[in-house]
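Asker: My structure is below; once you've seen it, I'll send some questions.
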Amino acid sequence: MKRNLSLTLVSLSAALTFSSCYTNPVTGRRGLSLVDETQMRQMADQQYVAFLSENRPVSASSRDAEMVKRVGTRIANGVRTYMNSIGQQAEINGYQWEFNLVNNNEANAWCMPGGKVVVYSGILPLTQNEAGLAIVMGHEIGHAIAHHSNERMSQQMALQFGSQTLSSVLSSRPSAAANIFNAAVGVGGQLGSLKFARNQESEADRMGLIFAALAGYNPNEAIPFWQRMAAASGGNKPPEFLSTHPSDETRINNIRQLLPEAMKYYRPQGK
Ligand SMILES: [Zn+2]
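Its first residue numbered 2, the sequence shown is counted upward by one per residue in the working numbering.
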């Protein structure tokens, strides 16, 4: 066990030393990136189709599904505006956005690399209104733009498969690769979901607040939303979303500090 751990540390540090990092275009933080982003997007397309075949999307004509598409489309426009403004439009090249609501009592939401977004109906009582939903979707889209699932997948691949590449794991252990992918994105499944690290959460909050503001939603809505999430964590079935996105006073205070920057981008709808 000890030997395995030291081998893992060696391969992780080797991975960190040789090239395999991604620099977040918004925050400048460097994160581990061992997996080719094209492969991440291919896996995303496959796992997204597989997920929707098992989790029926709510009819596109329902009011809630329309709201999810409307909020998502406006945030995607906000993302484009923002990435253009910082000269990073190439980051979202090839994004093919889709926004689906699925009937599922769990309180959860995620965005895969490449722009496939799913909101679970169980989170709507917590988002409560369109701006609350924009906070959640902006945050999830922030994780995707920041390549956090690639970072999480890279860490898990290094831990479980050492220096093997994703291609070799995909051909020898395809279901293991799929499980790691789903856990990294926050879809759950057999491995459950991985908790996002504090620095990833903070990055997704910062980007999400800006994206929501550019989409015409008041970023201040993040405070009451996270307060509702924190209150729900005391119930007998805490929201799934909290297992991946811990909510506490530190996070809410961090968001308070991010709000002045986000408010600079806020243009209320219709103005
Ligand atoms: Zn998060």
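The beta-carbon is built from N, C-alpha and C at its ideal position, and this holds for glycine as well.
(1) With 16 as the cutoff for other CB atoms within 10 Å, does T128 come out buried or exposed?
(2) Are there any heavy atoms of ligand 1 lying less than 8 Å away from the beta-carbon of H144, as far as the coordinates show?
(3) Under 8 Å Cβ to Cβ from I1, same chain only, skipping five residues before and after it: list those, please.
(4) Leaving out five residues on either side along the sequence, give the residues of the same chain with a beta carbon under 6 Å from the beta carbon of G209.
(5) Could you check the C-alpha separation between S155 and E131 for me, to the nearest Å?
(6) What's the C-alpha gap between T245 and A233?
(7) For the stretch 68-140, list the beta strand (DSSP E) runs that are entirely contained and at least 3 residues long, ordered along the chain.
(8) Would you kindly work out how many angstroms separate the C-alpha atoms of G123 and A45, rounded to a whole number?
(9) From which residue to which residue does the beta strand (DSSP E) around G32 run?
(10) Report whether the distance from the Cβ of T245 to the nearest heavy atom of ligand 1 is below 8 Å.
(11) Is there contact here, the stretch 56-76 with the stretch 86-93, by at least three beta-carbon pairs under 8 Å?
(12) Could you check whether L134 and V50 sit closer than 9 Å to each other, using their CB atoms as the reference points?
(13) Short of 6 Å in beta carbon distance, which residues of its chain neighbour S54, apart from the five on each side in sequence? Order them along the chain.
(14) Three or more C-beta pairs closer than 8 Å, one from the stretch 261-272 and one from the stretch 198-218: is that the case here?
(15) Just checking E262 against ligand 1 - is the residue's beta carbon closer than 8 Å to any of the ligand's heavy atoms?
(16) I'd like to confirm something about Q201: is its beta-carbon nearer than 8 Å to some heavy atom of ligand 1, or not?
(17) If you follow the alpha helix (DSSP H) that T24 is part of, which residue opens it and which one closes it?
(18) Can H140 be considered in contact with ligand 1, in the sense that its beta carbon sits closer than 8 Å to one or more heavy atoms?
(19) Please return the same chain residues whose Cβ sits closer than 7 Å to the Cβ of L215, not counting the five positions on each side in sequence.
(20) Quick one: residues in its chain with C-beta nearer than 6 Å to the C-beta of L167, no 5 flanking neighbours on either side, listed in chain order?
(21) My understanding is that Y96 touches N109, with C-beta atoms under 8 Å, so please give their C-beta distance in whole angstroms.
(22) Would you check if the distance between the CB atom of R257 and the CB atom of Q201 is smaller than 9 Å?
Answerer: Once the coordinates are examined:
(1) buried
(2) yes
(3) With the chain covering only 2 through 272, there is no way to say anything about residue 1.
(4) G139, H140 and G143
(5) 34 Å
(6) 15 Å
(7) 99-103, 110-113 and 117-121
(8) 23 Å
(9) R31 to L33
(10) yes
(11) no
(12) no
(13) none
(14) yes
(15) no
(16) yes
(17) Where T24 is concerned, there is no enclosing alpha helix (DSSP H), although the beta strand (DSSP E) it sits in stretches over C22 to T24.
(18) yes
(19) G79, T82, Y83 and Y266
(20) V36 and Q40
(21) Not a contact, Cβ separation roughly 22 Å.
(22) no
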